[in-house]
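According to UniProt numbering, numbering within the sequence shown proceeds without interruption in unit steps and concludes at 320.
Every residue, glycine too, gets a C-beta built ideally from N, C-alpha and C.
Structure, as structure tokens:
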Amino acid sequence: MKGIGINEYGDHRALTVVDLPDREVGANEVRISLRASGVNPIDWKLREGYLKEGLPFDPPLVLGWDGAGVIKEVGKSVDTFQVGDAVFFRPELTEYGTYAEEIIVEEALVQPKHKDLSFVEAASLPLVGLTVIEALMEIAALTSGQRLLLLGGSGGVGTIAVQIAKALGAHVTTTVSEKNREFAKARGADTVIAYDINEKPEGEFDVLFDTVGGSAYAGAIPFLKTGASAVSIAGGASQNDDVSNNEEKKQIKTNNMFMQPTKKKMAQLRTFVDQKQVSPVISHTHPMTVDGAKQAHLDSETIRTRGKIVLERENEEEIK
Ligand SMILES: NC(=O)c1ccc[n+]([C@@H]2O[C@H](COP(=O)([O-])OP(=O)(O)OC[C@H]3O[C@@H](n4cnc5c(N)ncnc54)[C@H](OP(=O)(O)O)[C@@H]3O)[C@@H](O)[C@H]2O)c1
């Protein structure tokens, strides 16, 4: 099963064609021919070896865990999909990633692609969409009328978080750099705070969703109500004692999460798309080639992209 990945950890130049052994499709699995793969910061963090402790992969491995494509084969117990169906999905985090010609995925983690979305658009949604659903709905239980403070409203996760929070009826205040102020407003944020010109939020918040971490997280704690939820996908304040004391004083319910894909979350994401409450936000598209993946990683590593980066495999071309 040919894809783009690494034989050893390293910078973007380590990206290469990797050929992993094929295997049989299990009873509850489908084989999907990839047409597009989302690119996420986890891809280059893993490539560099930054995540070795928590995710001890032994390369070779194919990168990418966010995809859209066409079903090529179904397992004997699969009854929701047929060969030829266009789908999008977030596979389990294994060495068989989505920068690939094909992948085998559990049926439960696959949903039909909405007909109005291109493969590129559909592939941009699962990883970030499921992350936001877990953070805002399953952990923070954000409800209508609550005030959300979202750190990083212009990134891959942030652009979808703004849309889902609005769909849930929350009031959304988000931090972005001054250059992204209008961009974040256009995605639906109620109040935009330009962090790079030292603007500060006004009032107090029921929920904090942190996609940035470090000092941005620490600086947000004083703006939370007593008993508020603070969910971080970026390490929070990384065990800073002053921040922990502040969290304790305010009885903040803290949660450093690492998203787990589930059937329920994929179905919820599909519902948001069907109801036109979530639309993809694409920053760059590159071809699904080694050179395209290198450029995509260089773009993502700037931490300045708006929305998502996607690799596109046109006409099921061979990976090279
Ligand atoms: N734990 C999990 O389950 C999980 C899941 C998904 C992602 N993540 C992590 O969450 C983080 C965000 O992911 P992503 O896909 O959204 O990344 P991304 O798309 O690369 O984020 C880029 C955005 O971050 C913004 N940004 C950078 N510094 C900022 C700051 N100090 N304040 C506000 N915004 C800032 C940039 O806006 P400006 O150019 O305006 O600064 C840019 O739009 C990454 O560290 C990723 O690894 C974790």
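Original post:
Which residue or residues does DSSP assign as beta-bridge partners of Asp-210?
Top reply: Here residue 210 is taken as the residue at index 210 of the sequence shown, counted from 1. Partner(s): Leu-151, Ser-232.
* **Outcome for residue 350 when other beta-carbon atoms lying within 10 angstroms are tallied against a minimum of 16** => The structure shown does not extend to residue 350, since the chain is modelled only from 1 through 320, so no value can be given for it.
Subject >> Val-128 in three-state terms, based on DSSP >> reply: Locating residue 128 in the sequence shown gives position 128, counting from the first residue. Helix, per DSSP.
Ala-167 to Gln-277, Cα distance in whole Å? By one-based count along the sequence shown, residue 167 stands at place 167. By one-based count along the sequence shown, residue 277 stands at place 277. Their backbone Cα atoms lie some 6 Å apart in a straight line.
Open item on the list: For Ala-108, which residues in the same chain have their Cβ closer than 8 Å to its Cβ, ignoring the five residues on either side in sequence?
Closed with: Mapped onto the sequence shown, residue 108 falls at position 108. Excluding sequence neighbours, Ala-108 sits near Asn-28, Thr-262, Lys-263, Met-266.
| request: Locate the beta strand (DSSP E) running through His-171, then write down its first and last residues. | output: Taking the sequence shown and counting its residues from 1, the one referred to as residue 171 is at position 171. 171–176 is the extent of the beta strand (DSSP E) around His-171.
Could you give the uninterrupted runs of the alpha helix (DSSP H) lying entirely in the region 47–128, keeping only those of 4 residues or more? 119–123
Q. Going by DSSP, which residues form a beta bridge with Leu-168?
A. For the purposes of this step, residue 168 is taken as residue 168 along the sequence shown, with counting starting at 1. Per DSSP, none; premise fails for Leu-168.
Under a three-way DSSP split, which group does Glu-134 fall into?
Locating residue 134 in the sequence shown gives position 134, counting from the first residue. It is helical.
| query | Does DSSP put Phe-183 in a helix, a strand or coil? | reply | As a working note, residue 183 is residue 183 in the sequence shown. Phe-183: helix per DSSP, three-state reduction.
Would you say Asp-190 and Ala-123 are within 8 Å of each other, going by their C-beta atoms? The residue you call residue 190 lines up with position 190 of the sequence shown. The residue you call residue 123 lines up with position 123 of the sequence shown. No, the pair does not count as a contact, with Cβ atoms beyond the cut-off.
Identity of the residue in Gly-235, Glu-317, Val-290 nearest Leu-51 by Cα: Indexing the sequence shown from 1 puts residue 51 at position 51. Ranking Gly-235, Glu-317, Val-290 by Cα distance to Leu-51 puts Gly-235 first.
- Query: Are three or more beta carbon pairs between the region 78–86 and the region 295–315 nearer than 8 Å?
  - Reply: no
- Item | Separation of Val-105 from Asn-198, as counted between CA atoms | Here residue 198 refers to the residue found at position 198 of the sequence shown. Here residue 105 refers to the residue found at position 105 of the sequence shown. Approximately 45 Å, taken between the alpha carbons.
Worksheet item: In terms of alpha-carbon separation, which member of Pro-280, Lys-249, Thr-226, Thr-254 lies closest to Ser-238?
Response: As a working note, residue 238 is residue 238 in the sequence shown. Ranking the options by Cα distance to Ser-238, first place goes to Thr-254.
Checklist entry - Whose C-alpha, out of Gly-188, Leu-148, Lys-250, Tyr-96, is nearest the C-alpha of Gln-163? => result Against the sequence shown, residue 163 aligns to sequence position 163. That would be Gly-188, whose Cα lies nearest to the Cα of Gln-163.
Looking at the secondary structure, which residues open and close the alpha helix (DSSP H) in which Arg-35 lies? For this step, residue 35 is matched to residue 35 along the sequence shown. It is not in any alpha helix (DSSP H) - Arg-35 instead sits in the beta strand (DSSP E) that spans 29–39.
**Prompt:** Does ligand 1 have even one heavy atom less than 7 Å from the beta-carbon of Arg-304?
**Reply:** Numbered from 1 along the sequence shown, position 304 holds the residue referred to as residue 304. Yes, Cβ of Arg-304 sits closer than 7 Å to a heavy atom of ligand 1.
Taking the C-alpha atoms as reference points, what is the distance between Ala-140 and Phe-258? Here residue 140 refers to the residue found at position 140 of the sequence shown. Here residue 258 refers to the residue found at position 258 of the sequence shown. If I take the Cα positions, the gap works out to 14 Å.
**OP:** Just tell me which of Thr-289, Glu-247, Ile-233, Thr-285 has its CA closest to the CA of Ile-42.
**Re:** Taking the first residue of the sequence shown as position 1, residue 42 is located at position 42. Nearest C-alpha to Ile-42: Ile-233.
Find the nearest neighbour of Pro-60 within the set Glu-73, Val-39, Phe-223, Glu-95, judged by alpha-carbon distance.
-> On the sequence shown, residue 60 is found 60 positions in, with the first residue counted as 1. When each option's Cα is compared against that of Pro-60, the closest is Glu-95.
From this set, His-171, Leu-46, Ser-144, which residue's C-alpha is nearest His-12's C-alpha? By 1-based counting over the sequence shown, the position of residue 12 is 12. Comparing Cα-Cα distances from His-12 to each of His-171, Leu-46, Ser-144, the minimum goes to Leu-46.
Could you give the first and the last residue of the continuous beta strand (DSSP E) run that contains Gly-3? To locate residue 3, count along the sequence shown from 1; it is residue 3. Looking at the DSSP string, the run of the beta strand (DSSP E) that includes Gly-3 is 2–6.
Buried or exposed, going by whether 16 or more other CB atoms sit within 10 Å of the CB of Glu-134? Taking the first residue of the sequence shown as position 1, residue 134 is located at position 134. Buried is the call here.
Legend entry - DSSP state of Ala-237 mapped onto helix, strand, coil: Here the question's residue 237 lines up with position 237 in the sequence shown. Residue state, collapsed to three classes: coil.
Notebook entry, point to check: Quick one: does the C-beta of Leu-127 sit closer than 7 Å to a heavy atom of ligand 2?
Noted result: Although ligand 2 was asked about, the structure shown includes only ligand 1 as ligands.
field: Own chain residues within Cβ distance below 8 Å of Glu-318, not counting five before or after
entry: In the sequence shown, counting from the first residue as 1, residue 318 sits at position 318. Closer than 8 Å at the Cβ level, and outside the excluded window around Glu-318, lie Lys-2, Glu-101.
Exercise for the section: Mind checking who Val-157 pairs with in its DSSP beta bridge? Expected result: Stepping through the sequence shown from its first residue, residue 157 is reached at position 157. The partner list for Val-157 (beta bridge, DSSP) is empty, contrary to what the question assumes.
Below 7 Å, is the gap between the Cβ of Val-157 and the nearest heavy atom of ligand 1?
In the sequence shown, the residue the question calls residue 157 occupies position 157. Yes; taking the cut-off as 7 Å, the Cβ of Val-157 has a heavy atom of ligand 1 nearer than that.
query: What residues are listed by DSSP as bridge partners for Ala-194?
result: For the purposes of this step, residue 194 is identified with residue 194 of the sequence shown, where counting begins at 1. Per DSSP, Val-176.
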